[in-house]
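Read the sequence shown against the numbering used here and you will find it ends at 436, with the numbers running on by one and no gaps.
Just so you know, even glycine gets a beta-carbon here, dropped at the ideal spot from N, CA and C.
The structure appears right after this line, and notes come after that.
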Amino acid sequence: TVRQMKEVLVNNFVDYKGCVEKSELHLRVTRLWKEHQVNKQKTQEIISASESAPSNVASAEDELCKICMDAAINCVLLECGHMVTCTQCGRRLAECPICRQNVVRAVHIFRS
Numbered sequence: 325t326v327r328q329m330k331e332v333l334v335n336n337f338v339d340y341k342g343c344v345e346k347s348e349l350h351l352r353v354t355r356l357w358k359e360h361q362v363n364k365q366k367t368q369e370i371i372s373a374s375e376s377a378p379s380n381v382a383s384a385e386d387e388l389c390k391i392c393m394d395a396a397i398n399c400v401l402l403e404c405g406h407m408v409t410c411t412q413c414g415r416r417l418a419e420c421p422i423c424r425q426n427v428v429r430a431v432h433i434f435r436s
């Protein structure tokens, strides 16, 4: 009804003054609805983009040395093969912080 359309427009801060016919009100409500749908879609895109951002932050933290939490992981511990430290921290370890196996050697690796 005309009254319902006017209420919708007023509640959404749309000026309907100058609308004489029901079709003009209907046109404004339709425009408002389309605008609402576009805004809803943009909001969903922003939310999905922001949901993927924390995983990027987490993966950046996963690349840090688990001992100093400063340098990037760039060595593999032998014999176990775990990659959890930078070369400097790896050379100081007697045992792997993950499996507690003796560290024979810390080998520097290069990631491409």
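{"query": "Write down the C-beta distance between C410 and I397 rounded to the nearest angstrom, noting that I regard them as a contact closer than 8 Å.", "result": "6 Å"}
{"query": "Cα separation between F434 and F337?", "result": "60 Å"}
{"query": "If you compare alpha carbons, which of H432, G405, K390, M329 is closest to K346?", "result": "M329"}
{"query": "Could you compute how far the alpha carbon of R352 sits from the alpha carbon of K358?", "result": "10 Å"}
{"query": "Restricting to Cα atoms, I'd like to know which of M393, V332, A395, Q368 is closest to L349.", "result": "V332"}
{"query": "Would H406 be called buried (16 or more neighbouring beta carbons within 10 Å of its own) or exposed?", "result": "buried"}
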